[in-house]
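Colleague: My structure is below; once you've seen it, I'll send some questions.
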Amino acid sequence: MSIEPSVLVVQLREQLNDWSYRYYILNDSAVPDAEYDRVFRLLQSLENEHPHLISQESPTQRVGAFPLDQFSQVSHEVPMLSLDNAFSDEELMAFDRRLRDRLSIGEASVGYVAEPKLDGLAVSLVYENGLLVRGATRGDGQTGEDITENVRTIRSIPLRLRVENPPSLVEVRGEVVLPHVGFNALNTRQLEAGLKPFANPRNAAAGSLRQLDSKVTAQRPLDFYGYSIARLEGADMPACHSDMLALMSTLGIRVSPEIRQCIGVEGLLAFYHDILGRRADLGYDIDGVVYKVDRFDWQEALGFVSRAPRWAIAHKFPAQEEITRLLDVEWQVGRTGAITPVARLEPVQVGGVVVSNATLHNVDEIARLDLRIGDSVIIYRAGDVIPKVVGVIAERRPDGAERIVTPQTCPVCGSEVFRAEGEVIARCTGGLICAAQQKEAIKHFASRRAMDVDGLGDKIVEVLVDKNLISTVADLFALQAEQIAELERMGEKSAAKLVAALAESRGTTLPRFLFALGIREVGEATALALSKFFGGLEAVMAADEELLQRVPDVGPIVASRIRHFFQQQHNLDVIRSLRDAGVHWQEFDPSDAAGEQPLDGETWVLTGSMNILSRDQAKAYLIDLGAKVAGSVSAKTTVVVAGEKAGSKLDKAEKLSIPVIDEAEFIARLQALGVSVKEA
Ligand code: IVH
C-alpha cells in the first residue's frame, strides 16, 4: 500500500528540515547534496500535484514570493536598542567599574558573556507556536519593516522551531550577515553584469534584505546568528543570558560558536585580543565584540540610559574602512590583456594592515565614483577581500583635481585598447606581442600550481622579458646559466639552480600542463576534468566544441575558448617547442581515468601556518592526487592538516571528530603516495 501524499509530504519536509538544520546550524552534513536535492525535488513535485498540501514551513517555500510594492511597517513590542561603545581598554575598565559601583559588589568580579559584534543587520524573528510568522528590520528601534518573505529565504533561519512543544511565542533577535565568500562572489557577478559593486558586506546584506522581490534575496547567501530572546510566552525565561543562548540553541536557532562566558575585565580583554587576532579568518565581518552582564537580575538592576542598556557595551575593533588620498591611477595589463585601473594611495592603516594600492575594478567604476587624482577616498579592506576604493569624499576635493583618462592604447605595448560592445572590460589587442601579457603568461606558467618552477619568481620573469631573453614560455627552456648569471642580483650559483629547476619541471602532469598554458576560463578544475575526459593532449587539441562540452562543467563559452586557443598557430608553435624541449607527462587511456587518483573523492582542509610547504604547494599536491581542497570544515571533510596557530577550524574538526594531522605527518603521507615533496 502506498503512503498517502499528505503523510509523505510531512515526512519529506521533516527529513529535509532535519538535514538543513544539521547542515546550516550544526555545520555537519548528514547526506550528500545530491540526496538532499533528490528528496527536495520529490517534495516539490508532490506539492505541485497537490497544491493544497503546500505549507509555509516547507523548505520548498524558501525560494522567494511575489514581489511587493512596498514593505509594511511593524512596531516592535520590545524596542530594539543600540549599544554604547568602548574604543579603548581604559573605557572598558571604566564601564566595569561603573557597573560594580552601581551593583555595590565592591571588588568582586562580574560574570559576563562576550560575543562577536557581527557587522550586518539586526532583525527580529517572531515564532508563534513554533512557526516563523514574521521577520522585521530594526528601523528606528520602535518601528521597522516587515521583511518576512525575505528572511524566509535565509537557510540558517528555521521556518519552524525544532522542539516537540514549542513556546506559544518566541521573539528572537539577531544579526543577518553576508560572509566574505558570498560577498566576493556577489560583487564579481555585479561587475560582470555591468552593475555597481557593493562597498562592503554590510551594505550588500542590507541591500539584499531590503529587496521588495524576495526572489532576489533568495539568490544572496545570507547567514543569521541569534543573540537574544526579546519575548517568550508559554515557557520560563532563564535566569541569565548564557542560559538564554543555550535555550535558543535548543530551539534550533543558530548562535555564534565564538561566544564565551568571561569573568571580570581580564577575561573580557583576553576574549577581545583572541578574536581580534582571528578576525580575518572568521569568514565574515565583525566590527568589535559585545560584553553583556550574564545575570538577568543584575541586568534589571542596572537598567537603561536613553536607548542603550547599562549592562552591555560594544568594544570596537580598528575600522575596516579608512580615508586616504588617491595619488595616482595606474593601468595594469593582465594575462588576458584585461586593463584594470589600480589606485595608488597614500599609505594608510586599514584593519591593522598598511594599504597603498586598491582595486578600482574597471573603467565604469571610476566614472561611477566620479574619481579624480588627489581626491580623499574611502578604502575598505577585510580578511579575504581585496582592498578596494568604495567612495569619494566630494567635499574634500582639492582645486584642480585631475580627471582620470582611460588609455586608448596599451600602457605597455602601445597596441590599441578595445572594449567590446556591452563588455565592462577594456583589453589590449596586442596579444603575445605585449610584454605585460608575455610576463603574466610566463609567471602563470611557472607558478606553483602550474609547472612549479622553483626559483622562477615574478621579478626574474620581468627582468628576463625586459632584457629580451625570453618572450614565450618555450624560451624558458633554452635559457643558459651564463645568461641568467649576468642579471642583476643573480650569481652563478642561483643561475645554475634555476636552470636545474627548469629542467626538473619538464616532468609534469597533463592537468598541470593544461592549466599552465593559461587558456582563458581554464582553471585547475577544468584542466583536471579535460585530462580525465581525454587522457592525452592530442585529443584535447583535436576536440571540437561539441565534444568539449561533454566534459563535466565545460559549457559553450569555455569550449569556444579552448577551441580558439588551439586554433592559433602561435600557441601550437609554443606547444611544439615545449615538447621539443622535453616537457612531458604521463598520458593514459581515458576509459580507466576514473578512480585513477589515490585521493579521489576526498575533501581536505588546510589550516594554520606551515613551515616546510607553502599553502599553494600543499593545495597543488592534494589536487594532483585527486582530492578537493575546501576552505571550511564540515562533516564531509576527510582530513584536516593543521599547521601552527590553527584556530577555529581545528576546534571544529575536533568537535566533528575529523582526523587531524600536522605538517610532518602530511608530508609523510604525500611521500607515501609517491610525491617528491619540495621545500617552499
Ligand atoms: S545586543 C540591548 N549583541 O549591534 C542590546 N547586538 O549597536 C542590543 N550587534 O543593533 C543588541 N552583534 O545590530 C547585540 N552579539 C550582539 C551583536 C549586536 C551585532 C549589532 C546589532 C545592534 C547593534 C547595537
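Under our numbering, the first residue of the sequence shown carries the number 400, and numbering increases by one thereafter. Built from N, CA and C at the ideal position, the CB exists for glycine as well.
Quick check: does the Cβ of ALA535 come within less than 7 Å of any heavy atom belonging to the ligand IVH?
Modeller: Numbered from its first residue, the sequence shown carries residue 535 at position 136. False, no ligand heavy atom lies under 7 Å from that Cβ.
Colleague: I'd like the list of long-range same chain contacts for HIS969, defined as Cβ closer than 7 Å, with 5 residues on each side in sequence excluded.
Modeller: Taking the sequence shown and counting its residues from 1, one reaches residue 969 at position 570. Only LEU831 meet the Cβ criterion.
Colleague: Could you tell me the distance, in whole angstroms, from the CA atom of GLY1042 to the CA atom of THR649?
Modeller: On the sequence shown, position 643 is the one that residue 1042 refers to. On the sequence shown, position 250 is the one that residue 649 refers to. Approximately 34 Å, taken between the alpha carbons.
Colleague: Mapping the DSSP letters down to three states, classify HIS760 as helix, strand or coil.
Modeller: Taking the first residue of the sequence shown as position 1, residue 760 is located at position 361. Looking at HIS760 - three-state DSSP - the assignment turns out to be coil, as it is neither helix nor strand.
Colleague: Give the secondary structure of VAL562 by DSSP, where H, G and I count as helix, E and B as strand, and everything else as coil.
Modeller: Mapped onto the sequence shown, residue 562 falls at position 163. In the structure shown, VAL562 sits in coil (DSSP, three-state: anything other than H, G, I, E or B).
Colleague: Hey, would you say GLU1080 sits closer than 8 Å to VAL752, going by beta carbons?
Modeller: In the structure as shown, the chain begins at 400 and stops at 1079. Residue 1080 is therefore absent and cannot be evaluated.
Colleague: Assuming contact is defined by CB atoms lying nearer than 8 Å, are GLN836 and VAL732 in contact in what I supplied?
Modeller: To locate residue 836, count along the sequence shown from 1; it is residue 437. To locate residue 732, count along the sequence shown from 1; it is residue 333. Result yes, Cβ atoms of GLN836 and VAL732 sit closer than 8 Å.
Colleague: If we ignore side chains and look at the alpha-carbon of each, how far apart do SER627 and ALA507 end up?
Modeller: Taking the sequence shown and counting its residues from 1, one reaches residue 627 at position 228. Taking the sequence shown and counting its residues from 1, one reaches residue 507 at position 108. Each residue's Cα considered, the two are about 26 Å apart.
Colleague: Which value, in whole angstroms, describes the spacing of the CA atoms of THR578 and PRO656?
Modeller: Indexing the sequence shown from 1 puts residue 578 at position 179. Indexing the sequence shown from 1 puts residue 656 at position 257. Residue identity differs from the one stated: residue 578 is Pro in this sequence, not Thr. Using only the alpha carbons, I get a separation of about 15 Å.
Colleague: Please report how far the alpha carbon of VAL509 lies from the alpha carbon of ILE785, in whole angstroms.
Modeller: Position 110 of the sequence shown, counted from the start, is the residue given in the question as residue 509. Position 386 of the sequence shown, counted from the start, is the residue given in the question as residue 785. Computed Cα separation, rounded: 40 Å.
Colleague: Quick check: the Cα distance between ALA598 and ALA793, rounded to an integer number of angstroms?
Modeller: Position 199 of the sequence shown, counted from the start, is the residue given in the question as residue 598. Position 394 of the sequence shown, counted from the start, is the residue given in the question as residue 793. For ALA598 and ALA793, the distance between alpha carbons rounds to 17 Å.
Colleague: In angstroms, rounded to a whole number, what distance separates the CA positions of MET1009 and GLY1046?
Modeller: Residue mapping note: residue 1009 aligns to position 610 of the sequence shown, counting from 1. Residue mapping note: residue 1046 aligns to position 647 of the sequence shown, counting from 1. Taking the straight line from one Cα to the other gives about 13 Å.
Colleague: Please enumerate, following chain order, all residues with a beta carbon closer than 5 Å to at least one heavy atom belonging to the ligand IVH.
Modeller: In chain order, the hits are LEU480, SER481, LEU482, GLU514, LYS516, LEU517, ALA521, GLU574, TYR626, VAL689 and PRO708.
Colleague: Note the first and the last residue of the continuous beta strand (DSSP E) segment covering THR536.
Modeller: Walking along the sequence shown from the start, residue 536 turns up at place 137. 530-536 is the extent of the beta strand (DSSP E) around THR536.
Colleague: Taking CB distances under 8 Å as the criterion, tell me whether ALA493 reaches chain D.
Modeller: In the displayed structure, chain D is absent; only one protein chain is listed.
Colleague: Would you kindly work out how many angstroms separate the C-alpha atoms of GLU591 and VAL823, rounded to a whole number?
Modeller: Residue mapping note: residue 591 aligns to position 192 of the sequence shown, counting from 1. Residue mapping note: residue 823 aligns to position 424 of the sequence shown, counting from 1. Their Cα atoms are separated by approximately 7 Å.
Colleague: Tell me ASP622's beta-bridge partners as DSSP assigns them.
Modeller: As a position in the sequence shown, residue 622 is number 223, starting the count at 1. In DSSP, ASP622 forms a bridge with VAL576.
Colleague: My understanding is that GLY573 touches PHE623, with C-beta atoms under 8 Å, so please give their C-beta distance in whole angstroms.
Modeller: In the sequence shown, the residue the question calls residue 573 occupies position 174. In the sequence shown, the residue the question calls residue 623 occupies position 224. Indeed they touch by this definition, with Cβ atoms about 6 Å apart.
Colleague: CB-CB under 8 Å to GLU448, same chain, minus the five flanking residues each way: which ones, in chain order?
Modeller: Within the sequence shown, numbered from 1, the residue matching residue 448 stands at position 49. Same-chain partners within the cutoff: PRO404.
Colleague: State the CB to CB distance for the pair GLY543 and HIS640, rounded to an integer number of angstroms; the pair is presumed to be in contact (CB under 8 Å).
Modeller: Walking along the sequence shown from the start, residue 543 turns up at place 144. Walking along the sequence shown from the start, residue 640 turns up at place 241. With a Cβ gap of about 23 Å, GLY543 and HIS640 do not count as contacting.
Colleague: One question on the structure: do GLU986 and LEU909 come within less than 8 Å of each other, judged by their Cβ atoms?
Modeller: Sequence index remark: in the sequence shown, residue 986 carries index 587 (1-based). Sequence index remark: in the sequence shown, residue 909 carries index 510 (1-based). Yes, Cβ-Cβ distance for GLU986 and LEU909 is below 8 Å.
Colleague: Determine the direct distance from the alpha carbon of VAL1028 to that of LEU467, and round the result to whole angstroms.
Modeller: Position 68 of the sequence shown holds residue 467. Position 629 of the sequence shown holds residue 1028. Computed Cα separation, rounded: 41 Å.
Colleague: Check this for me: beta carbons of LEU608 and LEU594, under 8 Å apart or not?
Modeller: The residue you call residue 608 lines up with position 209 of the sequence shown. The residue you call residue 594 lines up with position 195 of the sequence shown. Not in contact: LEU608 and LEU594 (Cβ atoms no closer than 8 Å).
Colleague: Identify, in the order they occur along the chain, each residue of the same chain with its Cβ nearer than 8 Å to the Cβ of GLY854, setting aside the five sequence neighbours on each side.
Modeller: Sequence index remark: in the sequence shown, residue 854 carries index 455 (1-based). SER893, LYS896, LEU897 and ALA900.
Colleague: Just to confirm, is the Cβ distance from PRO458 to ARG412 under 8 Å?
Modeller: Counted from its first residue, the sequence shown places residue 458 at position 59. Counted from its first residue, the sequence shown places residue 412 at position 13. Cβ distance < 8 Å, so PRO458 and ARG412 count as in contact.
Colleague: Between which residues of its own chain and VAL532 is the CB-CB distance below 6 Å, once the five residues before and five after are set aside?
Modeller: If you number the sequence shown from 1, residue 532 lands on position 133. Once the five neighbours on either side are set aside, the close Cβ partners of VAL532 are VAL525.
Colleague: To the nearest whole angstrom, what separates the beta carbons of GLN719 and VAL741, a pair I think is in contact under 8 Å?
Modeller: The count along the sequence shown starts at 1 and reaches residue 719 at position 320. The count along the sequence shown starts at 1 and reaches residue 741 at position 342. Not quite, the Cβ-Cβ distance comes to about 20 Å (not below 8 Å), so this is no contact.
Colleague: In whole angstroms, what is the alpha-carbon distance linking ARG978 and ARG905?
Modeller: Numbered from 1 along the sequence shown, position 579 holds the residue referred to as residue 978. Numbered from 1 along the sequence shown, position 506 holds the residue referred to as residue 905. Roughly 9 Å between the two C-alpha positions.
Colleague: Cβ atoms of ALA604 and VAL575: under 8 Å apart, would you say?
Modeller: Your numbering for residue 575 matches position 176 in the sequence shown. Your numbering for residue 604 matches position 205 in the sequence shown. Yes. Within cutoff.
Colleague: Express the C-alpha separation of ARG724 and ILE883 in angstroms, rounding to a whole number.
Modeller: Start at 1 with the first residue of the sequence shown, and residue 883 comes out as number 484. Start at 1 with the first residue of the sequence shown, and residue 724 comes out as number 325. The alpha-carbon atoms of ILE883 and ARG724 are separated by roughly 40 Å.
Colleague: Which whole-angstrom value is the C-beta distance of VAL950 and ALA924, which I expect to be below 8 Å?
Modeller: For the purposes of this step, residue 950 is taken as residue 551 along the sequence shown, with counting starting at 1. For the purposes of this step, residue 924 is taken as residue 525 along the sequence shown, with counting starting at 1. With 8 Å as the limit, VAL950 and ALA924 do not qualify as a contact, their Cβ atoms being about 11 Å apart.
Colleague: Going residue by residue through the stretch 776-862, where are the continuous beta strand (DSSP E) segments of at least 3 residues, counting only ones entirely within it?
Modeller: Taking only runs of at least 3 residues, the beta strand (DSSP E) segments lying wholly in the stretch 776-862 are 784-791 and 825-827.
Colleague: Output the residue ranges of the beta strand (DSSP E) runs that lie fully inside the stretch 454-488 and measure 3 residues or longer, sorted by chain position.
Modeller: Counting whole runs of 3 or more residues, the stretch 454-488 contains the beta strand (DSSP E) stretches 472-474.
Colleague: Please name the residue, chosen from GLU920, SER930 and ALA1067, that lies closest to GLY954 on a Cα-to-Cα basis.
Modeller: Here the question's residue 954 lines up with position 555 in the sequence shown. Of the listed residues, the one whose Cα sits closest to GLY954 is GLU920.
Colleague: Out of ILE869, ASP999 and VAL1040, state which residue places its alpha-carbon closest to the alpha-carbon of ALA1017.
Modeller: The residue labelled residue 1017 in the question sits at position 618 within the sequence shown. That would be VAL1040, whose Cα lies nearest to the Cα of ALA1017.
Colleague: Hey, could you find the ends of the alpha helix (DSSP H) TRP1003 is sitting in?
Modeller: By one-based count along the sequence shown, residue 1003 stands at place 604. Careful: TRP1003 lies outside any alpha helix (DSSP H), inside the beta strand (DSSP E) at 1002-1006.
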